[in-house]
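**Q** The structure under discussion is supplied below as structure tokens; questions concerning it will follow.
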Amino acid sequence: MEDQEDGGQRQIPPLIQVPIMPIPLAGAPPEHTKATPPSIQDVLRILREIANENADEESDSEFLLPKRKLLNIIDIMQKDLIEELERKRTNPTAKT
1 MEDQEDGGQR QIPPLIQVPI MPIPLAGAPP EHTKATPPSI QDVLRILREI ANENADEESD
61 SEFLLPKRKL LNIIDIMQKD LIEELERKRT NPTAKT
């Protein structure tokens, strides 16, 4: 690069590399090793079941736009999830 004032070249300082060391957090388990609470496991199981049911169904949804298909699936899953959670709330011993 040329300096505009005197026609010489500018000196660019060398980059300084700073090592980054991980900071150990004493007593804090990593997120991926924490157990999932049962309520979350139920929700995940319900969502998987609904997704599998929707994947098995054959309908005219092939002709819908991808966004519309996604919104339809979300609506169905939301309705089924609310029904399942309501059933569990009213009858805690209910097993599916």
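For the record, in the sequence shown the residue sitting at position 50 is 50 according to the UniProt record's numbering, with numbers rising by one throughout.
Where a beta carbon is used, it is the ideal one built from N, C-alpha and C, also for glycine.
All figures in this text were calculated on a predicted structure; none of them were measured in a lab.
#1: Looking only at its chain, what residues have a beta carbon closer than 8 Å to the beta carbon of Met-77, apart from the 5 residues adjacent to it on each side?
#2: Mind checking which residues open and close the alpha helix (DSSP H) that includes Arg-68?
#3: Indicate the three-state DSSP secondary structure (helix, strand or coil) for Gln-9 in the structure shown.
#4: Exposed or buried, which one is Glu-84 when buried takes at least 16 other CB atoms within 10 Å?
#5: Considering Cα atoms alone, identify which of Leu-81, Asn-72, Lys-69, Thr-90 is closest to Ile-40.
**A** Taking the geometry as given:
#1: Leu-47, Ile-50, Ala-51, Asn-54
#2: 66-90 is the span of the alpha helix (DSSP H), which, as asked, contains Arg-68.
#3: Looking at Gln-9 - three-state DSSP - the assignment turns out to be strand.
#4: Burial call: buried.
#5: It is Leu-81 whose Cα lies nearest to the Cα of Ile-40.
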